[in-house]
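J.:
There are 2 protein chains.
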Amino acid sequence: MARYQIIIAYDGTEFKGFQRQAKARTVQGVLEAALHRIGWQGQLILGAGRTDTGVHAAGQVAGFDIDWEHTPQALQEAINANLPADVAVRQVQPVEADFHPRYDALARRYAYKVLFAASRDPLQERYAWRLWPPVAMEALQVATCILIGTHDFAAFGTPPRAGGSTIRTVYQAEWQANGSNLVFEITANAFLYRMVRRVVYVLVAVAQGRLTIEQIASSMQAGKLEAVPGLAPAHGLSLVEVIYQQEFLEAIQGFQESGRR
Amino acid sequence: MARYQIIIAYDGTEFKGFQRQAKARTVQGVLEAALHRIGWQGQLILGAGRTDTGVHAAGQVAGFDIDWEHTPQALQEAINANLPADVAVRQVQPVEADFHPRYDALARRYAYKVLFAASRDPLQERYAWRLWPPVAMEALQVATCILIGTHDFAAFGTPPRAGGSTIRTVYQAEWQANGSNLVFEITANAFLYRMVRRVVYVLVAVAQGRLTIEQIASSMQAGKLEAVPGLAPAHGLSLVEVIYQQEFLEAIQGFQESGRR
Numbered sequence: 007m008a009r010y011q012i013i014i015a016y017d018g019t020e021f022k023g024f025q026r027q028a029k030a031r032t033v034q035g036v037l038e039a040a041l042h043r044i045g046w047q048g049q050l051i052l053g054a055g056r057t058d059t060g061v062h063a064a065g066q067v068a069g070f071d072i073d074w075e076h077t078p079q080a081l082q083e084a085i086n087a088n089l090p091a092d093v094a095v096r097q098v099q100p101v102e103a104d105f106h107p108r109y110d111a112l113a114r115r116y117a118y119k120v121l122f123a124a125s126r127d128p129l130q131e132r133y134a135w136r137l138w139p140p141v142a143m144e145a146l147q148v149a150t151c152i153l154i155g156t157h158d159f160a161a162f163g164t165p166p167r168a169g170g171s172t173i174r175t176v177y178q179a180e181w182q183a184n185g186s187n188l189v190f191e192i193t194a195n196a197f198l199y200r201m202v203r204r205v206v207y208v209l210v211a212v213a214q215g216r217l218t219i220e221q222i223a224s225s226m227q228a229g230k231l232e233a234v235p236g237l238a239p240a241h242g243l244s245l246v247e248v249i250y251q252q253e254f255l256e257a258i259q260g261f262q263e264s265g266r267r
Numbered sequence: 007m008a009r010y011q012i013i014i015a016y017d018g019t020e021f022k023g024f025q026r027q028a029k030a031r032t033v034q035g036v037l038e039a040a041l042h043r044i045g046w047q048g049q050l051i052l053g054a055g056r057t058d059t060g061v062h063a064a065g066q067v068a069g070f071d072i073d074w075e076h077t078p079q080a081l082q083e084a085i086n087a088n089l090p091a092d093v094a095v096r097q098v099q100p101v102e103a104d105f106h107p108r109y110d111a112l113a114r115r116y117a118y119k120v121l122f123a124a125s126r127d128p129l130q131e132r133y134a135w136r137l138w139p140p141v142a143m144e145a146l147q148v149a150t151c152i153l154i155g156t157h158d159f160a161a162f163g164t165p166p167r168a169g170g171s172t173i174r175t176v177y178q179a180e181w182q183a184n185g186s187n188l189v190f191e192i193t194a195n196a197f198l199y200r201m202v203r204r205v206v207y208v209l210v211a212v213a214q215g216r217l218t219i220e221q222i223a224s225s226m227q228a229g230k231l232e233a234v235p236g237l238a239p240a241h242g243l244s245l246v247e248v249i250y251q252q253e254f255l256e257a258i259q260g261f262q263e264s265g266r267r
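Which chain is which? The protein sequence lines are A and B, in order. Quick note on numbering: the first sequence equals residues 7 to 267 in the numbering used here. Quick note on numbering: the second sequence equals residues 7 to 267 in the numbering used here.
1. Apart from the five residues just before and just after A/Leu198, which ones in its own chain have a Cβ nearer than 7 angstroms to its Cβ?
2. Counting only the same chain and skipping the five closest in sequence on each side, list residues whose C-beta sits under 8 angstroms from that of B/Ile219.
3. Any Cβ of chain B within less than 9 angstroms of the Cβ of A/Ala15?
4. Using CA coordinates, which residue listed in A/Met201, A/Ala30 and A/Arg43 is at the minimum distance from A/Ser244?
5. Compare the C-alpha of A/Lys230 against each of A/Glu247, A/Val208 and A/Val248 and name the closest.
6. So which residues of chain B does A/Ala64 contact, with C-beta pairs closer than 7 angstroms?
7. Chain B partners of A/Asp92, CB-CB under 7 angstroms?
8. Within the same chain, show all residues whose beta-carbon is closer than 8 angstroms to that of B/Thr59, passing over the 5 residues directly before and after it, in chain order.
9. By the 10 Å Cβ neighbour count, where 16 or more other Cβ atoms means buried, how is B/His76 classified, buried or exposed?
10. Answer with yes or no whether the minimum CB distance from B/Arg267 to chain A is below 9 angstroms.
11. Is A/Gln11 near A/Gly69, with beta carbons less than 9 angstroms apart?
12. Under 9 angstroms between the Cβ atoms of B/Asp73 and B/Gly45?
13. With three or more beta-carbon pairs closer than 8 angstroms as the criterion, would you say the stretch 108-122 of chain A touches the stretch 179-199 of chain A?
14. State yes or no: is the C-beta of A/Gln34 within less than 9 angstroms of the C-beta of A/Ile13?
15. Kindly identify the DSSP beta-bridge partner or partners of B/Lys119.
16. In three-state terms, what does DSSP make of B/Ser244?
17. Rounded C-beta distance between A/Pro78 and A/Gln99? I'm assuming under 8 angstroms.
18. Quick one: Cα of B/Ala142 to Cα of A/Pro90, how far?
19. Taking the alpha helix (DSSP H) that B/Gln25 falls in, what are its first and last residues?
20. If I'm right that A/Gly65 touches A/Glu247 with Cβ under 8 angstroms, what's the distance once you round it to whole angstroms?
21. Cα-Cα, which of B/Trp138, B/Ala94 and B/Glu144 is closest to A/Ser125?
22. Whole angstroms are fine: how far does the CA of B/Glu180 sit from the CA of B/Arg108?
23. In the DSSP assignment, the beta strand (DSSP E) including A/His157 goes from what residue to what residue?
24. Quick check: is the beta carbon of A/Leu89 nearer than 9 angstroms to any beta carbon in chain B?
25. Between B/Asp127 and A/Ala15, is the Cβ-Cβ spacing less than 9 angstroms?
26. Mind checking whether A/Ala111 and A/Tyr250 have CB atoms under 9 angstroms apart?
27. Are there 16 or more other CB atoms within 10 angstroms of the CB of B/Arg267, so buried, or fewer, so exposed?
28. Compare the Cα-Cα distances from B/Gly156 to each of B/Leu237, B/Pro140, B/Thr193 and B/Pro139 and report the closest residue.
29. Can you give me the start and stop residues for the alpha helix (DSSP H) that A/Ala183 sits inside?
30. For A/Arg267, which three-state DSSP category applies?
31. Along the stretch 72-84 of chain A, what residues have a CB closer than 7 angstroms to any CB found in chain B?
32. Taking 9 angstroms as the CB-CB cut-off, is A/Asn195 touching chain B?
33. Please report the Cβ distance between A/Val101 and A/Arg204, rounded to the nearest whole angstrom; I am assuming they are in contact, meaning their Cβ atoms lie under 8 angstroms.
34. Look at the Cβ atom of B/Ala238, then the Cβ atom of B/Trp138, and state whether they are nearer than 9 angstroms.
Next up, the structure:
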């Protein structure tokens, strides 16, 4: 029996999120079913974190114990052969017996895609939130700065466990444009429930002139964002990466010494 | 009563191609149903050309006559409000009463996406053909040159009407790489049935060393490609644009004077 870490990608459109539910199609559910078909005796795989209904992932992480006498690559192929087309294992590696995808994670990175288009665009909207008219990149980027660093993000979401801390550290958050496509990337030690979608909604509201940066700042202090009770749609969001490398923490030391960027 | 030209985009995954069929879900079928719901009395819209089951489009073109008292933009919105999420009208404009989307077209441009990845990638494979191991861009590009110009393409497809000409002029064909994503773009006056998918399959076969450029050349002369009876999958292909502008023909004069590039 050995523990394996797997990196999973999925198109979230047809999933009711990552975490197993009794009666809904979830990523965890189809993964566990695939593992059972190749002889896995376990009850539950460990996940790095939930994703909401409709949210995608390029780099979700899970872990499980299995008796496997072949190579990790053969394990990957065996699992993939038993998964539906909208989810795939991208990488498999043996890890320490006490590896835990959630507790051992140092940070997570999400990407949120925005598309500027006047009318519906069926070839792009599966993975992006369509907005019209366009908003200025500079306005988005300026408002983004307020998020970077260690703050109480209670205004942006709820903790995984009721009563848990709402303090999180955002290491990096930035917008990149490529024509009419924008990508917002954000890396934090951890995220509150729905935090990224709420953040994107608020940044867009600022760029659209419906909210000021001062309002965000005071809402963050007050711990609630009543002014903008919205949420960017799930289908623009994807979990890019869960970070475990010690090198990441070392790079972060540099970040902390230099303070907020 | 006036004639309108519309530009249509669709995700072909759930369509049995563009052209209406009695019992299958087609793009033409859902478009005509949407038009009927806004008061259109016609029987058949005119399309610029068919696309196969599973092929996407960013710029398919259709035309129809309608009594419409509001703006073209209002017409676009009315049609879009009656279309499913995987198809949308991107542009509407009034045209001459004798405009025909197919007969008036000067050229068509298609794009074919290839993805190099060792294992399945659910976030990219909806719109790209996954290949592994990667092949050299140079090999693809060199083999592509043989297509450019006016040739009998009987080896690459069948004409829309039995017994029709198989001579076509390819104005432009090239590969562009962006990391592990490749896009093949090809512009011709018209295409044979399945020509682009067959061309992509053959170019990849050359790059993989399964076929030589000499074999393609002699197969083109013989009018059949028995050596490689394959077809690149439909889901990598998309109809980018149908070209009607006279400026395009003028640019082509320059192309013809300079001969094959």
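Just so it is clear, CB atoms sit at the ideal spot from N, CA and C, and this is done for glycine as well. Predicted model only: the values in this text are computed from it and were never measured.
T.: A quick look at the data gives this:
1. Phe159, Phe162, Gly163, Thr164, Pro165, Thr172 and Arg174
2. Val148, Ala149, Ile152 and Val212
3. yes
4. A/Met201
5. A/Val208
6. Leu129
7. Pro128
8. Gly18, Phe21, Lys22, Gly23 and Ala240
9. exposed
10. Legend: pLDDT at B/Arg267 = 44, less than 50; position of this residue unreliable, no value from coordinates given.
11. yes
12. yes
13. yes
14. no
15. B/Val189
16. strand
17. 6 angstroms
18. 30 angstroms
19. First-last for B/Gln25: undefined, no H or E at that position.
20. 4 angstroms
21. B/Ala94
22. 25 angstroms
23. Gly155 to Asp158
24. yes
25. yes
26. yes
27. Only weak support is given to the placement of B/Arg267: the predicted model assigns it a pLDDT of 44, under 50, and the value that follows is read from those uncertain coordinates. The residue in question, B/Arg267, is exposed, as its Cβ has fewer than 16 Cβ neighbours within 10 Å.
28. The residue you asked about is not Gly; residue 156 of chain B is Thr in the sequence shown. Closest option to B/Thr156, Cα to Cα, is B/Thr193.
29. Unbroken run through A/Ala183 is the beta strand (DSSP E), Ile173 to Asn184; no alpha helix (DSSP H).
30. Note that A/Arg267 has pLDDT 44, beneath the 50 cutoff, so the model's placement of it is unreliable and no number is given.
31. Gln82
32. no
33. Rounded, the Cβ-Cβ distance is 33 angstroms, inconsistent with contact.
34. no
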